[in-house]
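Participant:
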Amino acid sequence: MSWTDERVEQLSKLWLEGRSASQIAAELGLGVTRNAVIGKVHRLGLAGRAKVVAPQAQGRTKAKAQVTAAPEVEEVEATVVPLRNVPTPIQDAVGELAIPPSERVTIMELRETSCRWPMGDPSHAEFRFCGAKTAIGSGPYCATHARLAFQPTQDRRRDRVERYARIA
DNA sequence: CCCTGATTCGC
DNA sequence: GCGAATCAGG
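Quick note: the first sequence uses numbering that gives the first Met the number 0, first residue 0, plus one each step.
This is the structure we're talking about:
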């Protein structure tokens with residue numbers, strides 16, 4: 000992979016939009032790390048512009064924080080909608096299992112250890128994933144939802160029948 | 001612990 | 001030029 004004109008353009012656009020290096024890296028994909036993004040940003044001269052007054056910024060060995068302000072960029076008011084967790088209901092749609100402590104997260108807030116059990120309507124902005132810590136390391140679900148997801152076929156069949164019965 | 005950007009330097 | 005490693009900080 001290399002920095003083609005197209006990728007550089009995409010990088011500049013996203014960076015100037017205020018996206019973080021890791022987000023940009025994820026978007027460019029294909030093994031691009033946030034370090035790669037940051038490094039390129041600096042080489043392009045798009046970096047900093049805001050803070051930095053600290054004279055004590057060290058890299059691998061020694062470094063003198065570059066205080067020289069980069070070309071000022073038009074301040075853009077970012078219209079960011081804070082996505083905060085909402086109070087957690089005591090029970091989920093199944094009506095049996097208690098939901099883990101309020102840690103529901105958006106897709107952007109999902110981490111490797113976040114329970115990926117979907118909660119709510121995926122077509123709505125309020126959609127969240129459970130977000131609780133996964134039960135076993137890299138497992139996709141927390142203990143509670145793992146039980147639901149990997150329920151014995153007998154129980155699952157029973158539930159399915161009950162659900163259909165409810166609808167009918 | 002999660003994340004952010006900044007910097008250096010071996011490649 | 002590139003970016004991993006590392007740093008300082010939120």
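We put the CB at the ideal spot given by N, CA and C, even for glycine. Computed from a predicted model, the values in this text were never measured in an experiment.
Using only the alpha-carbon positions, how far apart do T133 and I37 sit?
Facilitator: As a first step, residue 133 must be located in the first sequence, where it is residue number 134. As a first step, residue 37 must be located in the first sequence, where it is residue number 38. Approximately 31 Å between the Cα atoms of the pair.
Participant: Roughly how many angstroms separate the alpha carbons of F128 and E26, rounded to a whole number?
Facilitator: The residue you call residue 128 lines up with position 129 of the first sequence. The residue you call residue 26 lines up with position 27 of the first sequence. Roughly 21 Å between the two C-alpha positions.
Participant: What span of residues does the alpha helix (DSSP H) with H144 cover, start to end?
Facilitator: Walking along the first sequence from the start, residue 144 turns up at place 145. Its alpha helix (DSSP H) spans residues A142 to A148.
Participant: Find the nearest neighbour of G28 within the set E111, R110, F126 and R6, judged by alpha-carbon distance.
Facilitator: The sequence position of residue 28 within the first sequence is 29, counting from 1. The residue with the shortest Cα to Cα distance from G28 is R6.
Participant: Looking at A46: is its Cβ nearer than 8 Å to the Cβ of A35?
Facilitator: Counting from 1 along the first sequence, the entry for residue 46 is found at position 47. Counting from 1 along the first sequence, the entry for residue 35 is found at position 36. Against a cut-off of 8 Å, the Cβ pair of A35 and A46 comes out as no contact.
Participant: I need the boundaries of the alpha helix (DSSP H) containing S21, first residue and last residue.
Facilitator: Counting from one through the first sequence, the residue named residue 21 turns up at place 22. First-last of the alpha helix (DSSP H) with S21: A20 to L27.
Participant: Check the DSSP bridge columns for K175 and list the partner residues they point to.
Facilitator: Since the first residue of the chain shown is 0 and the last is 167, residue 175 is not available in this structure.
Participant: Nearest to L43 by CA position, among L147, W2, R146 and Q22, is which residue?
Facilitator: On the first sequence, position 44 is the one that residue 43 refers to. Among L147, W2, R146 and Q22, the Cα nearest to that of L43 is on W2.
Participant: What span of residues does the alpha helix (DSSP H) with E103 cover, start to end?
Facilitator: As a first step, residue 103 is located in the first sequence; it is residue number 104 there, counting from the start. The residue you asked about is not Glu; residue 103 is Arg in the sequence shown. From DSSP, R103 is part of no alpha helix (DSSP H); its letter is neither H nor E.
Participant: Here's the rule I'm using: 16 or more other beta-carbon atoms within 10 Å means buried, otherwise exposed. How should R110 be labelled?
Facilitator: In the first sequence, counting from the first residue as 1, residue 110 sits at position 111. Classification for R110: exposed.
Participant: Going along the chain, which residues of its own chain have a beta-carbon closer than 8 Å to the beta-carbon of S11, five neighbours each way excluded?
Facilitator: Numbered from its first residue, the first sequence carries residue 11 at position 12. Taken in chain order, the residues that qualify are L43 and L45.
Participant: In the DSSP output, what is M169 paired with across the bridge?
Facilitator: With the chain represented from 0 up to 167, any question about residue 169 goes unanswered, as that position is not in the structure.
Participant: Quick one: measure Cβ to Cβ for W14 and V40, integer angstroms, because I've assumed they're closer than 8 Å.
Facilitator: The sequence position of residue 14 within the first sequence is 15, counting from 1. The sequence position of residue 40 within the first sequence is 41, counting from 1. Correct: roughly 6 Å between the Cβ atoms.
Participant: Could you check the C-alpha separation between M107 and D120 for me, to the nearest Å?
Facilitator: Taking the first sequence and counting its residues from 1, one reaches residue 107 at position 108. Taking the first sequence and counting its residues from 1, one reaches residue 120 at position 121. Near 16 Å, if we compare the C-alpha coordinates of D120 and M107.
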